[in-house]
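Protein chains in written order, with the working numbering: chain A, 1 to 402; chain B, 1001 to 1132.
Don't be surprised by glycine CBs; every beta carbon is placed ideally from N, CA and C.
Computed from a prediction, not measured in an experiment: that's the story for all the values here.
Single-structure report; data block below.
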Amino acid sequence: MSVPEDLLRTLAPQVLGALLRRYDDFAAAEDAVQDALLAAAEQWPRAGLPDYPRGWLIQVASRRMLDHLRSEQARRRREDAHGAEPPPPAVPDQDDTLDLLFLCCHPALKPPAAIALTLRAVGGLTTAEIANAFLLPEKTMAQRISRAKLRIKESGVPFGRPDTDRLAAVLHVLYLTFNEGYTSSVGPDLQRRDLASEAVRLTRVVNALLPDDGEVAGLLALMLLTDARRDARTAPDGSLVPLTEQDRTRWDHDEIAEGVALITATLPRGPVGPYQVQAAINAVHDEARTAEDTDWPQLLALYGVLRGMSDNPMVALNHAVAFAMVHGPAAALDLLTTLAADRRIAGHHRMHAVRAHLLDMAGDDAAAAEQYRLAARRTTSRPEQHYLTIRAAQAAAAVSTE
Amino acid sequence: MKYMLLMQASERIEHPPIHEWDPADVKAHLRFMQDFSAKLVADGEFVDAQGLAGPEEAKVVRSTASGAPAVTDGPFPESKEFLAGFWVIDVDSLDRAIEVAAAASAAPGPGGAPVHIPIEVRQIMSAPNTEE
């Protein structure tokens, strides 16, 4: 018999929640749950699935927790007084997954620490798996997780009902986790794809727990509509394929259908937030049968809405690309000249890449080649650098044949 | 973000080569380097650290039109600078990478005074950002 991996991962936060309701020691409870998960992964395939897997895990984790407390008490007893031993917790009915997410995406933690802790405590991944996904030594990742737990303990925030103000932090951590997996589906980083799947799974859990929150649904739709293009976005040799050149038959049309249905049902309910608008943008791309069929006026309107929501220069750059597709490259290049005054983006590789693209559209090969070269020099992504270098060479070749 | 910190040794540096230091100073320097890596592990930022054998042992290899590669000694005969070792760290920001590099640059030299060895900070290329 094989143990469904999703079962252990779904139960992991519920078991941890049960322990935290009884024992106020996040770090020790989290370690105890990891021990119980390992025991289950080892014993269940041999002995068969227990009748009540959740109860089984809570019992084993509680026993580990008690062992830990006993040794702590023995240590303290040697130092001073004696203490009564707490009884094991009753199996609760409620699902504490959301409360745990709020705890792990604590504002005291920087994103890399929050992501690692969330994957372990809520996602039920082992430290080795997380280290592997981030291409880090296991020891480094173990330290990162234990420091994160320590910070949460020091912050003194108790485990309990979620504070809705912090939902944005949870969604941000899930979004970053998805991006880590999605953007690195290239070459040796292939195993990191699991991070994207894990982020989608956790966002589904949050969406099921908070079905009325439009931004949770928006984030899930955004992930599905982005993930749908994953296989088409890299060529067999690992090089990047831009959206307009992707083989759309390789897109995952089930994911697209699910994402489109979700965002279509969510948008009219309002209020509309940035995740919903980004999902809508991706839905427009995904619904075009060919690149030429893309509804650019619709995209331009959506980027306009997104720009109104956040002062993000990257959004302004994407808006300029949509503007070029509707009103032509010359007008869009004027927009870039205004944008270039923004210190946050002046000299950024994306600025050069977009300018190169617009000059390319305008037929100015020499200027495009120069901008592609600048972009290639400044990007910190290798696949992107390869792509930009090839475009620079193509533009330069076009100049010499003129 | 991952960064490589490259320790650039130079023959032009003010103090003598390490094998001419007082043994106690050499020990203090090596202890510092060990503690430095251990601290990076404890901070959850360590990826890798290696020292490189001296430039006297280095070979430069070039393929040639004739098929047999040309092998010459040393990194670059005229160069007075060479790579002595490197760290790879995974940190939140460039500021943090610079902070780590500055700490490494202050490793103790003769008489316990900081060596002020230059450390080059280079970002390691990663995955592309999302295209949207």
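In terms of Cα proximity to R9(A), the closest of A199(A), I145(A), D227(A) is A199(A).
Separation of R204(A) and A1009(B) (C-alpha to C-alpha, rounded to the nearest whole angstrom) is 53 Å. For L136(A), the residues of chain B that pass the 7 Å Cβ criterion are V1047, D1090, in the order they occur in the chain. Contacts between P274(A) and chain B, judged by CB atoms closer than 7 Å, are missing: the closest CB pair is about 12 Å apart. Counting along the chain, the unbroken alpha helix (DSSP H) around S146(A) starts and ends at 138–155. Interface with chain A (8 Å Cβ-Cβ cutoff): G1051(B) is excluded. At a C-beta separation below 9 Å, D1043(B) has these neighbours in chain A: T140, Q143, R144, R147. Counting only runs that start and end inside the segment 194–243 of chain A, the alpha helix (DSSP H) elements of at least 4 residues fall at 214–227. For T338(A), the enclosing alpha helix (DSSP H) has its first and last residue at 329–339. Cα atoms of D252(A) and R229(A): separation of roughly 7 Å, rounded to the nearest angstrom.
Contiguous alpha helix (DSSP H) elements confined to the segment 38–83 of chain A occur at 53–79, taking only those with 4 or more residues. Shortest Cα-Cα distance from A41(A) to any of Q246(A), I152(A), L267(A), D6(A) involves D6(A). If you compare the alpha carbons of G270(A), T244(A), H386(A) with that of D237(A), the shortest gap goes to H386(A).
Around the beta carbon of P112(A), 16 or more other beta carbons lie within 10 angstroms, which makes this residue buried.
Contact with chain B is found for T183(A), since one of that chain's Cβ atoms lies less than 8 Å from the residue's Cβ.
Contact annotation: L209(A) and D95(A) have beta-carbon atoms nearer than 8 Å. In this chain, the beta strand (DSSP E) harbouring A1009(B) covers 1002–1010. For P112(A), the residues of chain B that pass the 7 Å Cβ criterion are D1092, in the order they occur in the chain. Less than 8 Å divides the Cβ of H1015(B) from the Cβ of V1115(B).
Only exposed fits G347(A), as fewer than 16 other CB atoms lie within 10 angstroms of its CB. Residue R70(A) holds the alpha-carbon nearest to the alpha-carbon of A28(A) among R70(A), A217(A), A232(A), I256(A). With a cutoff of 8 Å on beta-carbon distance, L359(A) and A368(A) are scored as near each other.
Going by DSSP, D1090(B) is part of no alpha helix (DSSP H) but of the beta strand (DSSP E) stretching over 1081–1090. In the displayed model, T1072(B) falls within a strand according to three-state DSSP. When Cβ pairs closer than 8 Å are counted between the two stretches, the segment 309–319 of chain A is seen not to touch the segment 286–295 of chain A, the count staying below three. Bounds of any beta strand (DSSP E) do not take in A128(A); it lies within the alpha helix (DSSP H) bounded by 127–133. Between L136(A) and D1090(B), the C-beta spacing is below 8 Å. Boundaries of the alpha helix (DSSP H) around A392(A): 382–400.
Between I1117(B) and A1101(B), the C-beta gap is not smaller than 8 Å, which leaves the two residues out of contact. A direct Cα-to-Cα measurement between I1098(B) and H327(A) gives close to 44 Å.
Among the residues facing chain B, Q385(A) is included, as its CB has a counterpart in that chain under 8 Å away. With contacts defined by Cβ atoms closer than 8 Å, G1109(B) and D1025(B) form a contacting pair.
Exposed is the label assigned to A108(A), since fewer than 16 other Cβ atoms lie within 10 Å of its Cβ. Separation of A169(A) and M361(A) (C-alpha to C-alpha, rounded to the nearest whole angstrom) is 39 Å.
The beta-bridge partner set that DSSP reports for F1046(B) consists of I1089(B). Note that the C-beta distance between L1005(B) and V1121(B) is below 8 Å.
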